[in-house]
Amino acid sequence: SAHPRNLLISEPKKSLLPENCGRPRVRNKIFGGTPTPIGAYPWVVALGYRVYYNVIKTNKIIAVIQLGTWNLDSDEDCIEDRNSRQRRCFSHIVSGFEDIVIHPTFDKEAEFADDIALIRLNITLSFDRDDNVLIRPVCLPSSDLRVRDYGRGRMAIGAGWGLTEHKNYSSVLMSVELPIVNNKHCVRRYKRQFVGNQLCAGGERGKDTCIGDSGGPLVLSDPFGPPFTQVGIVSFGQTPCGGKSTPGVYTSVARYRKWIENNLKP
Numbered sequence: 001s002a003h004p005r006n007l008l009i010s011e012p013k014k015s016l017l018p019e020n021c022g023r024p025r026v027r028n029k030i031f032g033g034t035p036t037p038i039g040a041y042p043w044v045v046a047l048g049y050r051v052y053y054n055v056i057k058t059n060k061i062i063a064v065i066q067l068g069t070w071n072l073d074s075d076e077d078c079i080e081d082r083n084s085r086q087r088r089c090f091s092h093i094v095s096g097f098e099d100i101v102i103h104p105t106f107d108k109e110a111e112f113a114d115d116i117a118l119i120r121l122n123i124t125l126s127f128d129r130d131d132n133v134l135i136r137p138v139c140l141p142s143s144d145l146r147v148r149d150y151g152r153g154r155m156a157i158g159a160g161w162g163l164t165e166h167k168n169y170s171s172v173l174m175s176v177e178l179p180i181v182n183n184k185h186c187v188r189r190y191k192r193q194f195v196g197n198q199l200c201a202g203g204e205r206g207k208d209t210c211i212g213d214s215g216g217p218l219v220l221s222d223p224f225g226p227p228f229t230q231v232g233i234v235s236f237g238q239t240p241c242g243g244k245s246t247p248g249v250y251t252s253v254a255r256y257r258k259w260i261e262n263n264l265k266p
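For the sequence shown, counting from 1, position 231 maps to 231 in full-length UniProt numbering; every step adds exactly one.
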């Protein structure tokens, strides 16, 4: 059963998006994943306790509540500064929301088409200061990016606090590498559940995003390293998670870039 080229080009309203994006300050369920280094994916934030989305613009994210968090069971996360050899701790930032923009053709009673929303925070974030290295924006793909542009076997990264292979939710942020899958395979697997504004990733036994990861990011890095670009949003998949030849389905962010930009505010 189902559960809930250069990637960046000049686009209209580009000035509303941060130019410095997708670069973690820390170098380095998720089925078959591993705990991430603290700060490895600083655009991932937690909504409530389990659902999280990605920072894409100062004071706007693909949904909210707890920012700059790695361990959900602690009030702050600490990292070792390699240069000064000092321990730096960062408190999580908690925010309410000012507005929620749900895609106008999304129907929660139907299939998962247009499974995307924006939330505007009621606080303002600043990415220019170095006061919290655990909060950074992610890059957006160009609107004309298609699955065939990724290249055969290209590995993407999913991250979240969802259900693990141990059948419990993770308190620390987990990540897993998933191969991008040809759309034709997904059409055969999911039939009419799979629509044109989606993409598939995964299909390796024991590796998958899962329940509780919905809304989370699927990112690609430049072949030579950061920046990271969010190409997908966890939408749905088969249960149990992590089955062989059963990739997960993700909302394709490229197909919604113009909609995102049209709903940004200064």
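Heads up, the beta-carbon is just placed ideally off N, CA and C, and yes, glycines get one too.
How about residue i and residue j: do their beta carbons lie closer than 8 angstroms?
i	j	result
V219	A156	yes
R189	T246	yes
R257	P141	yes
S95	L121	yes
F106	D115	yes
G242	E177	no
R87	E98	no
R23	P226	yes
Mark residue i as exposed unless 16 or more other C-beta atoms lie within 10 angstroms of its C-beta, in which case mark it buried.
i	result
H92	buried
Q198	buried
G206	exposed
G203	buried
N54	buried
S170	buried
T34	exposed
N6	For N6, the predicted structure reports a pLDDT of 36, less than 50, and the residue's modelled location is therefore unreliable. The matter cannot be settled from this model.
T251	buried
As a quick exercise: from the options, pick the residue whose alpha carbon is nearest that of residue i.
i	options	result
S175	G22, N262 and I38	I38
A40	I135, I119, E109 and D75	I135
S235	A254, C21, N183 and T209	T209
R148	L47, I180 and W161	I180
A201	P217, R192, D115 and K191	P217
G232	E109, C241, S221 and L264	S221
K212	A46, P18 and R23	Correcting the residue type first, residue 212 is Gly in the shown sequence and not Lys. Checked all of A46, P18 and R23; the closest Cα to G212 is A46.
V249	K191, L72, T105 and W70	K191
N182	F194, L173 and V172	F194
K244	C21, R87, G32 and T229	G32
L264	P226, W70, I100 and Y150	I100
R255	R87, A113 and G22	A113
S158	T36, H185 and C186	Here residue 158 turns out to be Gly, not Ser, going by the sequence shown. Of the candidates T36, H185 and C186, the one whose C-alpha sits nearest the C-alpha of G158 is T36.
W161	E109, G215 and Y150	G215
D73	V172, K184, E261 and R154	V172
Since residue i and residue j should fall inside the 8 angstroms C-beta cutoff, what is the C-beta to C-beta distance between them, to a whole number of angstroms?
i	j	result
F90	D75	The Cβ separation is near 10 angstroms, so there is no contact.
L17	P266	The Cβ separation is near 12 angstroms, so there is no contact.
T229	C139	4 angstroms
Taking 8 angstroms as the CB-CB cut-off, is residue i touching chain D?
i	result
S95	Absent from the structure is chain D; it holds one protein chain and no more.
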